[in-house]
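A short worksheet on the structure shown next.
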Amino acid sequence: MLIKKLFLQNFRNYEREEFVFSEGLNVLFGKNGQGKTNCAEAVFYLCTGASLRIRHDKQLIRLGESSARIQAEAENRYGKVSISAEIFENKRELKINGSAIRKNADLMGHVNSVFFSPGELRLIQDGPDERRRFMNISISQTSPAYYTALLRYNKILDQRNALLKDKDGAMVLETLPVWDEQLCKYAAVIIQKRVEFLEKLAPYAQELHAYLTDGKEKLTLAATRKYGEGEEEIAQALLRRLKNNYENDLYRGFTSVGPHRDDIDFFIGEMDAKAYASQGQTRTAALSVKLAEVEIFKQLSGEYPVLILDDVMSELDLPRRKKLVKKIEGLQTILTCTHAERVLYGADANKIRIEGGKIKQEKGV
Ligand SMILES: Nc1ncnc2c1ncn2[C@@H]1O[C@H](COP(=O)(O)OP(=O)(O)OP(=O)(O)O)[C@@H](O)[C@H]1O
Ligand SMILES: [Mg+2]
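One gets my numbering by counting positions in the sequence shown from 1 and adding 6 to each.
Written as structure tokens, this is what we have:
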């Protein structure tokens with residue numbers, strides 16, 4: 007998958023700008039606060055319909071303006087595709103090849119992307135929310151069925167939680183099984199897809215981690231909770247767990263088991279990375295997972311995704327930087343950094359200098 011052109015209008019600090027990307031490495035460079043990450047964010051937004059940094063699209067609109075527009079000309083194995091997003095304060099309009107699409111699910115899969123930024127350390131250091139978010143975004147990009155199941159699951163879960171807060175305990179106990187049947191159906195899809203995803207991801211992540219650490223460390227990851235084999239068994243197992251937790255859930259007023267509570271375990275050697283890994287180890291583990299994600303996308307969709315590396319170089323030591331540059335050879339990559347010449351090590355790149363939300367044209371950088 008390739009992004010050839012990106013057009014931004016009133017997006018973040020961009021008034022109007024057009025980027026032309028090459029097939030290999032694209033380096034966005036410039037001083038702090040100029041718009042490098044904003045551009046990377048726009049690419050990711052078009053790929054997934056989601057922003058990485060915020061929950062409200064409103065912040066994406068250039069201050070003082072009423073709407074923002076992002077448009078990309080891209081290519082996947084089916085041919086050319088044009089994707090656009092018009093973002094208003096309270097709504098947005100997404101289009102593929104000029105036709106409006108109603109659901110986020112229809113946006114996903116046209117161009118996949120993998121985003122890595124220093125914030126990705128949260129994947130390992132933060133609570134389970136962050137790891138579920140990672141799985142949700144990643145799996146949704148290649149599986150519309152997962153995305154749909156997730157939306158439905160969350161809706162039923164909200165209703166179940168609302169019910170649990172009802173004072174009429176007898177009525178609640180009577181109604182719960184009705185919700186649980188539905189809940190488990192969608193939960194099983196989510197859990198099963200996550201298992202498949204982690205089974206594919208783990209060996210790649212381990213291999214890439216060994217590559218980045220010169221084989222000195224071994225990274226293992228796996229789902230924290232196991233339910234069973236196949237959707238049917240998973241649904242039954244969850245149904246039993248839900249039943250066993252009726253009293254507890256009623257008391258606490260929310261649903262205590264299910265995919266909304268599941269997590270991934272990260273081990274470096276014998277050590278639980280969440281609790282014990284150093285900054286550098288955490289960074290390398292997170293990067294390995296992201297690079298593994300690139301391979302998974304290739305496997306599932308037959309095409310490599312666009313790789314977005316935001317500010318990753320300044321955080322890695324020299325040998326790891328060099329290895330990374332070597333590893334991403336041939337992948338369309340959008341890499342942001344403050345000094346282009348310090349990260350390239352002779353690699354060819356399309357260098358774009360950003361200054362105050364504008365591309366600064368210059369020769370001989
Ligand atoms: N909605 C918005 N309207 C106008 N300006 C915005 C908006 N959102 C963010 N900005 C501005 O964009 C700039 C930040 O851009 P960005 O995060 O892309 O910087 P950067 O080039 O990646 O810098 P760094 O090297 O520090 O990571 C800030 O100056 C911020 O004030
Ligand atoms: Mg930045």
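The beta carbon of each residue, even a glycine, is placed where N, CA and C say it ideally should be.
These figures come from a predicted structure and were not determined experimentally.
In terms of Cα proximity to residue 329, the closest of 297, 62, 143 and 92 is 297. Neighbourhood of ligand 1, defined by CB distance below 5 Å to any of its heavy atoms: 18, 19, 38, 39, 40, 41, 42, 43, 44, 68 and 69, in chain order. Burial is judged here by how many other beta carbons sit within 10 angstroms of a residue's own beta carbon; residue 354 has fewer than 16 and is exposed. Excluding its 5 nearest sequence neighbours in each direction, residue 137 has C-beta neighbours in its own chain below 7 Å: 129, 269 and 270, listed in chain order. When secondary structure is reduced to three states using DSSP, residue 219 falls in the coil class, being assigned neither helix nor strand. Not one heavy atom of ligand 2 is found less than 7 Å from the C-beta of residue 339. Around the beta carbon of residue 215, 16 or more other beta carbons lie within 10 angstroms, which makes this residue buried. Each residue's CA atom was taken as its position, placing residue 147 and residue 119 some 8 Å apart. In the same chain as residue 243, and ignoring 5 residues on each side of it, the C-beta atoms closer than 8 Å to its own belong to 233 and 234, in chain order. Following the DSSP letters along the chain, one finds residue 301 inside the alpha helix (DSSP H) bounded by residues 285-307. Counting along the chain, residue 364 sits inside the beta strand (DSSP E) bounded by residues 364-366. A direct Cα-Cα distance of roughly 9 Å separates residue 191 from residue 240. Taking all protein chains shown into account, residue 221 has fewer than 16 neighbouring C-beta atoms within 10 Å of its C-beta and is therefore exposed.
The segment 232-265 contains, as complete alpha helix (DSSP H) runs of 4+ residues, the segments 236-250 and 252-258 (chain order). If the five residues before and after residue 163 are omitted, its C-beta is found closer than 8 Å to the C-beta atoms of 189, 261, 264 and 266, all from its own chain and listed in chain order.
The DSSP-derived three-state label of residue 213 is helix. Taking the Cβ of residue 54 as the reference point, every heavy atom of ligand 2 lies at 7 Å or farther away. Within the segment 44-124, the alpha helix (DSSP H) runs of at least 4 residues that lie entirely inside it are, in chain order, 110-113. Bridge pairing for residue 356: 32 [DSSP].
Around residue 141, the same chain offers 200 and 203 as residues with beta carbons nearer than 7 Å, after the five sequence neighbours per side are excluded. For residue 11, the uninterrupted beta strand (DSSP E) run begins and ends at 8-17, by DSSP. At a cut-off of 7 Å, the beta-carbon of residue 342 counts as near ligand 2: some heavy atom of the ligand is closer than that.
Closest in C-alpha terms to residue 257, from the list 351, 167, 289 and 194, comes 167. Residue pairing for residue 337: DSSP places it in no beta bridge. Taking a cut-off of 8 Å for Cβ pairs, the segment 18-26 and the segment 90-100 do not touch, as fewer than three such pairs fall below it. Straight-line measurement puts the Cα of residue 173 at about 51 Å from the Cα of residue 224. Counting the other CB atoms within 10 Å of its CB gives residue 311 a total of 16 or more, which places it among the buried residues.
In terms of side-chain proximity, the C-beta atom of residue 63 is found no nearer than 7 Å to any non-hydrogen atom of ligand 2. Per DSSP, reduced to three states, the secondary structure at residue 361 is strand. In this model, residue 180 and residue 97 are separated by some 39 Å (Cα to Cα).
Closest in C-alpha terms to residue 361, from the list 18, 11, 41 and 338, comes 41. Of the residues assessed, residue 18 falls on the buried side of the cut-off, its CB having 16 or more other CB atoms within 10 angstroms. Excluding sequence positions up to five before and after residue 74, its CB lies within less than 6 Å of the CB of 16, 17, 66, 67 and 93, all in the same chain and listed in chain order.
Going by beta carbons, residue 292 and residue 126 fall inside the 8 Å limit. A residue is called buried when at least 16 other Cβ atoms come within 10 angstroms of its Cβ; residue 85 does not meet this threshold and is exposed.
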